[in-house]
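Numbering of the sequence shown is given in this note's numbering, commencing with residue 172 and proceeding in unit increments. The C-beta atom is built at its ideal place from N, Cα and C for all residues, glycine as well. Below is one structure, written out as structure tokens; the observations come after it.
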Amino acid sequence: MTDKQPDAQQDLLEALHRQYATPGAGWRLRIRAWRKRTLWRGVIGFSLLLKRLLDIIGAACGILLLSPFFALVALLIMLEDGRPVFFRQIRVGRHGTLFHMYKFRSMFRDAEARLKELQQANESSDGVIFKMQRDPRITRVGKFIRRASIDELPQLWNVLRGEMSLVGPRPAIPGEVAQYTLEDRRRLGTKPGITCFWQVAGRSTIPFKQQVQLDVQYIESQSFWIDLKLLLKTIPAVLSGKGAY
């Protein structure tokens with residue numbers, strides 16, 4: 172046994188010498204590393220292409236099919252509280268890029284002005300995001316469209332424009348991002364989306380820190396199939412209305 176062990180070590184040393192110390196070994200290693208990098212970039216690029224195709228097809232079909240429904244929602248909003256029908260707000264996208272996100276307006280027109288008065292009633296334990304289950308700024312139509320997540324549907328336009336994706340972390344407002352820790356900022360590593368892990372797991376009932384953990388988990392494991400799975404899970408989550416306010 173002892174005689175064979177030195178022989179095995181010697182064979183290993185000779186094999187390593189042939190591979191790394193012979194003329195041309197450095198070039199072979201560089202070529203091998205280049206092949207691996209190229210293959211990995213190809214896999215990543217193909218995955219991003221599939222994701223973008225899913226976004227374009229899904230958003231375009233959604234806008235076309237839901238156009239009559241959009242018109243009905245717009246009419247209900249105008250009948251209760253006049254114009255504007257849409258609410259436009261600056262949000263933070265991938266790598267900190269700012270963009271205008273669209274929603275159906277679910278609050279009264281003076282909602283932003285009244286926000287400061289309600290900060291003391293913030294039900295979010297971490298204080299980074301503002302959440303209030305019985306927010307007096309929400310209209311009657313707004314309560315319905317928020318519960319069914321109908322107010323988020325105009326974001327299909329953001330998806331079509333490439334500012335958002337169907338699946339990804341929810342886009343934050345700049346004021347929230349300013350309070351992020353380095354760990355929290357990891358959720359800015361991909362395009363924001365309409366739905367995500369915590370949207371199908373409980374929405375507003377999920378604490379902010381857990382939202383970040385789930386977003387980072389998605390970024391580290393995202394794939395075409397995970398996106399499809401989350402889109403399918405979004406349907407029963409929306410119908411249940413759990414955590415929507």
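- Setting aside the 5 residues that flank it on each side, L337 is surrounded in the same chain by L225, D226, G229, A230, V330, G364, I365, T366, D398 and L402, each with a C-beta closer than 8 angstroms to its C-beta; the list follows chain order.
- Annotation: S218 to G360 spans about 16 angstroms, alpha carbon to alpha carbon.
- By alpha-carbon distance to A319, the top candidate from R262, I406, F258 and S394 is I406.
- Here V338 carries a strand assignment [DSSP, helix/strand/coil].
- Put simply, the backbone Cα of V214 is about 21 angstroms away from that of H266.
- Taking a 10 Å sphere around the C-beta of S238, we find fewer than 16 other C-beta atoms and assign the residue as exposed.
- Q350 and L236 have their C-alpha atoms some 39 angstroms from each other.
- The criterion of a C-beta distance shorter than 8 angstroms is not satisfied by I377 and I261.
- No residue range can be given for Q350, since it is assigned to no alpha helix (DSSP H) and is classified by DSSP as neither H nor E.
- In this structure I234 is in contact with W328, their Cβ atoms being roughly 7 angstroms apart against a cut-off of 8 angstroms.
- In the DSSP assignment, I397 falls within the unbroken alpha helix (DSSP H) covering F395 to S411.
- Distance from I248 to R208 at the Cβ level is roughly 51 angstroms; contact not present, criterion being Cβ atoms closer than 8 angstroms.
- For T366, DSSP records a beta bridge to V338.
- In the three-state scheme derived from DSSP, where H, G and I count as helix and E and B as strand, F279 is classed as coil.
- Taking the Cα positions, A284 is about 25 angstroms away from G264.
- Where V256 is concerned, there is no enclosing beta strand (DSSP E), because DSSP gives it neither an H nor an E.
- Distance between D178 and A186, taken at the CA atoms: about 12 angstroms.
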